[in-house]
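Chains as they are written, first to last, in the numbering used here: chain A, 28 to 435; chain B, 2 to 159; chain C, 721 to 1125; chain D, 4 to 172; chain E, 144 to 245. For every residue, glycine included, the Cβ atom is placed at its ideal position computed from N, Cα and C.
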Amino acid sequence: MNAHGKNRQMTAPIETAAGPAQPMILNMGPQHPSTHGVLRVVLELDGEIVRKARPVIGYLHTGIEKSCESKTYSQAITLTDRIDYLAPLSNNLGYCLAVEKLLGLEVPKRAQYIRVLLTELTRIASHLVWLGTHAIDLGAMSVFLYSFREREEIMKIFEFVAGQRMMTSYFRIGGLALEPPPGWLDRVRRVVESMPGHVDEYEDLLTRNRIWMARTQGVGVLSAADAIAMGVSGPMLRGSGIAHDTRKAFPYSSYDEFDFQIPTQTAGDCYARYLVRIAEIRESVKIVRQAMEKVPAEGPIRAEAPGIVPPSREEMKTSIEGLIYHFKIFTEGFVPPPGEVYQVIESPRGELGVFVASDGSPKPYRVKFRTPSFVNLQSLPRLCEGRLIADVVACIGTTDIVLGEVDR
Amino acid sequence: MESQENDRNPAVEKLRAWDAEAVAEVITFRGETTVVVPVRHLRAAAEFLASEPSLRYSFLSDITTVDRFPLEPRFEVNYHLLALERKDRLRLKVMVPGNDPALPTVIPVWPTANWHERENFDLFGIRFEGHPDLTRIVLPDDWEGHPLRKDYPVEGYR
Amino acid sequence: MEFISQHPVLVAAVVKVVVLLFVVMTALAYLTWLERKVVAHIQSRWGPYYVGAHGLLQPLADGIKFLFKEDVTPPASDRLIYLLAPFLALSLALTALGLIPFGPPGVRFPNGQPVFIVSDVSIGLLFLFAITSLGVYGVALAGWSSNSKYPLLGALRSSAQMISYEVSLTVSVVGVLLLAGTLNFNHIIEGQRGYWHWLRIVPHWYIVPQIVGFLCYLTAAIAETNRVPFDLPEAETELVAGFHTEYSSFKFAMFFMAEYANMITVSCLATILFFGGWLSPFPDRWTWQLYLPGAGLLALGVYCAYDSVTEMRGLARLQLSVVTLLALGGGALCLLPGVAPVIQGPFWFTAKVLGFLFFYIWIRGTLPRFRYDQLMSFGWKLLLPVSLANLVLTAAWFAWGWVRG
Amino acid sequence: MIFPAILFFVCALLAIVGAVMVILAREPIHSALALILVMMSLAVLYLLLGAEFIAAVQILVYAGAIMILFVTVIMVINAGVEERTDFSKIAKFAGLPLGFFLLLETAHWLYHSAIGAAIANGPGAHAEAFSTRELSTELFRRYLLPFEATSILILIAVLGALVLARKDE
Amino acid sequence: MSVIPISYYLVLSAVLFGLGVVAFVFKRNVITVFMSVELMLNAVNLAFVAFARAHGQVDGLAYVFFVIVVAAAEAAVGLAIVVMLAQNRESLNVERMNSLKF
């Protein structure tokens, strides 16, 4: 019941609720068109001005970290897909790299390049979803459908390569799940060739659009110092002028062999973050192009690590060691040494950290996902307090949260 | 096994030079350095690491807990730090006893710790003293128990 | 029979109102179809497709769905006003259309009543503005009576928005009124007959001297009708659905229809004021234009015939055949020498109005939405001064007698 | 022509009912709606009296602008149900009958005065509808000074409203 | 009855004015009090138009025009004051507004 409803039903002699301005509490979410899932933001309004914003999360908490503890290392991969459902391969990669680090395992170059290629495609797909939803939040409807059209092509590549559109679980500990089917690179090429043109199209619709600029420039400003203090990462950090990218700072999976820029903007507002993400799509296209050059046509896609990485199908059928290892891996799992590692990758949303603690058993003792959305969302009140309701929408949009990742 | 060697990590050296008692133990594993800090030194050590000009661990990536039930001290709270300029990571580890687990908050040092601490409070029941709003974050407010503890039944309490 | 012969005005009015309501309701339904189709094609998708050929029965399906949906009235709402609001919105929107002349007054029934004009008021424009200015009540009362926060915010926004833009809307057409020297729609249209003397091929439409006023009018009209990029009262990503968040079923449909009716009204008004209403853009000596409507319909019929041949689904095929027959028959009818001149006025009027409607839909597929404060400052700080300047310049033009038509 | 008579009585009845509703309604928004009803009926009466322009202005300005302001303000400040307080007994037992008597007397006087017998509508009515052109000529010739004065008044009112509504921060 | 004398309009005007006075006296909420003033103005307008009709002159209409304009100005300022009152005081009851300052 809201303020005037209460008055209407009270029989006490109250003739008006007018009084020294009581703030109006507005529940934005958990069901709301622009909270991207089940985020709930409790807004304290003075007219249309947001005095206080408090994000309330947990509506999608599924206890993935707890579930990981009761699965073997390999089984837990499927759970990681569900964390950030817009960038499942990034999560796969982060987790696999963490376990590989724990094991001290080196992945063959071919698998590394394919991993880079696919995660960059994931980044493009994720940014496309962000662009579309952000644009529709601000009322630009067509961009949403354009970007989903292109994303669909990328999803088709995932389906072609991994057999699944979204929950791919394609990266495995020590390499990849399957040999990519022949002709897959042609598909990738087709998407990559057309992508810059499509990005130009989006930019035509938005970048110099006066309304778009008015809606995003100077909105949700996060200074560089604030960005660091709030621990935001990814495009949000780079939009505030800090050129930090895990792919450059702590290269993993051979990212050091690729040539790409870290796009940054200094304004720290929604427009800056928009520009950064658009530039990132272009950079990712560059990386995918290089990866296509680098990927050898032939070669192993899994590390040579008997007892950890399952042997190939043929080996399993022909050699007794292969059969035994296969059986042991899929019944008991493998045993890494006790210890703790924290592996960081640059997911589309920012710094995805995977902390894995092993106690020397076949199941991880503790897995923690440091998800960028969770931390980035924390900065939301700073972005939108003192501004209008419409800006809250813009701010949520450029924070680019995925609720699966926030709540885990 | 976790190797326990005296690393040449400059951060550890500086921390030790600043206050020898702040470094209880240094663990290096797979190239990651972990400094075990006693609870009472945590806040000061955090401030030092964040503000010392040659270190500048200004970015707190994560706070996470490992429950070593039934060992004591039961909880290991890990702080993952990042020095943006130097591109260096460091893990602070604090051992917290199982009965009445409590820690000083690091929000004044790293404001981002707010939600991380709430999450650890929610899932492990570790209190962060001085936290402005220590409430459950992902679970409902009336939830019983702390699910990521090892003695929490997987089926739940109810 | 005696009654009919004794009260020609009354009978003609009733007939015209009934026909107008029927036509407008159908037009509203197919306007939603058009909008969905055009926006879909802008966004590289198909739009309505499955219900009938080209989704032509989609409006019908929507209507049936609206009728059978559960009609929820929030328990804490102000019942009377909650019920009143959608009726108010729709009835005002439809009333406004009754003032529009859809064709020349010269075309008359046997009893001497004009066919295409429901009511010929001497100050028609003023009345139209009076009626549309009441449209705010539907929105404001809906938002208030729902007793919910999003609708309330939407209602507050829209009352502020509609009041603000009404000022610019009114001021922007005063230039035309100065040119026409009358408030009567027919006289305004008649004033646009002929050609500008300095350029014989440009019709004497008021858009030529009043281009600034037209642009102001267009902008203000989009804002008045709550369309993108000024659709803040119902900004779905901010206020869920704005003032009609709590409305369901047919009451929701009524708001929907009111919005589209308002779109039609402002398009009609733009056509009348700036584009010569039912006047043809071509000179009268070009007699072939008499057959344009018929030719258009025949072309549509041929296209539908082709389409029905290629259509795979049986029912859709049947439906397309019906449309084909209707179009061909209508086309043939329009070519008859007795009918062709009569149909000229409504044909050009409809064509112009459709152009505006298409423009509206096009904008919707292209632009993002303004923010509330930007909308307000745009209205007061840019639109109003510009339309005022336009008015002053036009007045000066007259005062010093630079040009007279 | 019985039509104007029917219209007159319907509208008069609606106006009176509306005015009574203004008094009886407990919620300000209902009062406002009743008042709008009064204004709309009056607009129709103006039409009957041949004052088209005034009718349009009545709807445009009164119902379309002023009452919208009222409604908006009621919504903004969230005015709830009205409190009923006792008022003086004199007002109740002397004032009301006296007022009613006064009304009757006025009506009686009006009905029997010379001017009242003039016919407003139908055959025998004074003239055709007022022309808007005539009214505007009158406004801009004879009443030019008051006209300009009112425009300045409006300006002052707008400024005053702005000053009042501005929050001092 | 085929014609309507002016007096009918005048009587209606008087009745409406009387009701406006009653509303003005009886209503307690500042906004409704304000509305009753508008009601009285409307009643007066009706009388003006009726008289204009009776005399066949447009002066009455001019007066109505001015009344409406002044009413608009009055509403703008008056409602601004009401909003101020609502923000600064607990109540909108006119009986409690017995001090100019607080």
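Could you tell me the alpha carbon to alpha carbon distance between residue i and residue j, rounded to whole angstroms?
| i | j | result |
| --- | --- | --- |
| F1118 of chain C | D73 of chain A | 48 Å |
| I1083 of chain C | L1104 of chain C | 22 Å |
| N29 of chain A | I883 of chain C | No answer about N29 of chain A holds up, because its pLDDT of 39 lies below 50 and its placement is not dependable. |
| N904 of chain C | R913 of chain C | 15 Å |
| L182 of chain E | V13 of chain D | 19 Å |
| L952 of chain C | T1070 of chain C | 29 Å |
| L819 of chain C | Y1092 of chain C | 32 Å |
| V932 of chain C | L889 of chain C | 12 Å |
| A700 of chain C | E910 of chain C | Since the first residue shown for chain C is 721 and the last is 1125, residue 700 of chain C is missing from the structure and cannot be characterised. |
| A421 of chain A | C297 of chain A | 7 Å |
| V449 of chain A | L430 of chain A | For chain A, the structure presents residues 28 to 435; residue 449 of chain A sits outside this window and is missing. |
| I439 of chain A | V110 of chain B | This structure gives no information on residue 439 of chain A, because the portion of chain A shown stretches from 28 to 435. |
| L876 of chain C | A35 of chain D | 16 Å |
| N1110 of chain C | W918 of chain C | 22 Å |
| L845 of chain C | V433 of chain A | 56 Å |
| F133 of chain D | V20 of chain D | 29 Å |
| A241 of chain A | I147 of chain E | 60 Å |
| A306 of chain A | P290 of chain A | 6 Å |
| A747 of chain C | F11 of chain D | 36 Å |
| V729 of chain C | G826 of chain C | 16 Å |
| A168 of chain D | L162 of chain D | 10 Å |
Looking only at C-alpha atoms, which of the options sits nearest to residue i?
| i | options | result |
| --- | --- | --- |
| P375 of chain A | A:V83, A:Y86, A:I52, A:G121 | A:G121 |
| E126 of chain B | B:R92, B:L104, B:T29, B:P109 | Sequence inspection shows Gly at residue 126 of chain B; the Glu mentioned does not correspond to that position. When each option's Cα is compared against that of G126 of chain B, the closest is B:L104. |
| Y870 of chain C | A:T243, A:M168, A:L70 | A:L70 |
| V887 of chain C | C:A1116, C:S1041, C:L1108 | C:L1108 |
| V381 of chain A | A:A103, A:A125, A:A114 | A:A125 |
| L147 of chain D | E:F209, E:A214, E:E217 | E:F209 |
| I921 of chain C | C:F950, C:S1000, C:V960 | C:S1000 |
| V322 of chain A | A:P333, A:V215, A:S260 | A:V215 |
| D101 of chain B | B:P74, B:E14, B:D142, B:A46 | B:P74 |
| E206 of chain A | A:G360, A:R137, A:I356, A:D272 | A:R137 |
| V419 of chain A | A:R316, A:T195, A:G245 | A:G245 |
| L40 of chain D | D:R29, D:V60, D:A18, D:S154 | D:A18 |
| A10 of chain A | A:I91, A:T89, A:L53, A:K93 | Nothing can be reported for residue 10 of chain A: it is not among the residues displayed for chain A, which extend from 28 to 435. |
| K395 of chain A | A:S260, A:S101, A:C95, A:P333 | A:C95 |
| G387 of chain A | A:N118, A:P363, A:H271, A:Y352 | A:P363 |
| P98 of chain B | B:P39, B:V155, B:E118 | B:P39 |
Going along chain D, which residues have a C-beta under 7 Å from residue i?
| i | result |
| --- | --- |
| F847 of chain C | A59 |
| N231 of chain E | Going along chain D, no residue has its Cβ under 7 Å from N231 of chain E, so there is no contact; the nearest lies around 11 Å. |
Just the chain B side, please: which residues come within less than 8 Å of residue i by C-beta, in chain order?
| i | result |
| --- | --- |
| M257 of chain A | P112, T113 |
Can you pull the chain D residues whose beta carbon is under 8 Å from the beta carbon of residue i, in chain order?
| i | result |
| --- | --- |
| V856 of chain C | G67, I71 |
Are residue i and residue j closer than 7 Å when you measure CB to CB?
| i | j | result |
| --- | --- | --- |
| P1088 of chain C | G247 of chain A | no |
| V856 of chain C | I71 of chain D | yes |
| G1051 of chain C | L1018 of chain C | yes |
| A941 of chain C | V986 of chain C | yes |
| G334 of chain A | E342 of chain A | no |
| Y100 of chain A | G360 of chain A | yes |
At a CB-CB cut-off below 7 Å, which residues of chain A make contact with residue i?
| i | result |
| --- | --- |
| Y1092 of chain C | E75, L415, A417 |
Under 9 Å Cβ-Cβ, which residues of chain C neighbour residue i?
| i | result |
| --- | --- |
| Y173 of chain A | Q763, S764 |
Strictly below 9 Å CB to CB, what residues from chain E border residue i?
| i | result |
| --- | --- |
| E141 of chain D | Q200, V201, D202, L204, A205 |
Legend entry - Segments assigned alpha helix (DSSP H), at least 4 residues, entirely inside the stretch 1049-1123 of chain C: Here the runs fully enclosed are 1060-1086, 1092-1097, 1104-1119.
Legend entry - alpha helix (DSSP H) runs contained entirely in the stretch 997-1033 of chain C, provided each spans 4 or more residues: List check, alpha helix (DSSP H) in window: 1012-1030.
Legend entry - In chain order, each beta strand (DSSP E) run of at least 3 residues that lies wholly inside the stretch 741-805 of chain C: If we require 3 residues or more, the stretch 741-805 of chain C turns out to have no beta strand (DSSP E) run fully inside it.
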